[in-house]
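The next block holds one structure in the form of structure tokens; read it before the comments.
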């Protein structure tokens, strides 16, 4: 799926579709995708099915950049989030205060948003 994403990002939609279809064929999926079907949304959905419980979804959404995480929450949520505060500063976890206090020789600033 990483290779399919890379191919999509360089404009090789046929190659991306081929990679996705290889997984779908192995899983005995009856619906194969075409180059016209391939998008980042489709690859994210495929990652959800293929890698359930095997990878950190949050890290994947952060790697996608921008507001992908917030956009997907808005798209698939049952509730309306007009004031969703999941913005770019929250892409980083806070640095534990114990780590900041322990490193006396280095000035560590807390990550933005925390």
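Residue numbers (full-length UniProt numbering): 1 to 114.
All C-beta atoms, glycine included, are put in the ideal place defined by N, C-alpha and C.
The structure displayed is predicted, hence computed values, not measured ones.
Answer with buried or exposed for residue i, where buried requires no fewer than 16 other C-beta atoms within 10 angstroms of its C-beta.
i, result
"residue 40", "exposed"
"residue 55", "exposed"
"residue 17", "buried"
"residue 4", "buried"
"residue 108", "exposed"
"residue 7", "buried"
"residue 99", "exposed"
Shortest alpha-carbon distance to residue i belongs to which of the options?
i, options, result
"residue 35", "12, 97, 112", "12"
"residue 113", "101, 91, 102", "91"
"residue 1", "20, 38, 14", "20"
Can you give me the C-alpha to C-alpha distance between residue i and residue j, rounded to a whole angstrom?
i, j, result
"residue 50", "residue 43", "10 Å"
"residue 104", "residue 97", "12 Å"
"residue 111", "residue 61", "19 Å"
"residue 52", "residue 22", "18 Å"
"residue 72", "residue 58", "11 Å"
"residue 10", "residue 47", "19 Å"
"residue 74", "residue 101", "37 Å"
"residue 14", "residue 106", "49 Å"
Next on the checklist: Quick test of the definition: if touching needs 3 or more C-beta pairs under 8 Å, does the region 63-81 touch the region 21-29?
Outcome noted: no
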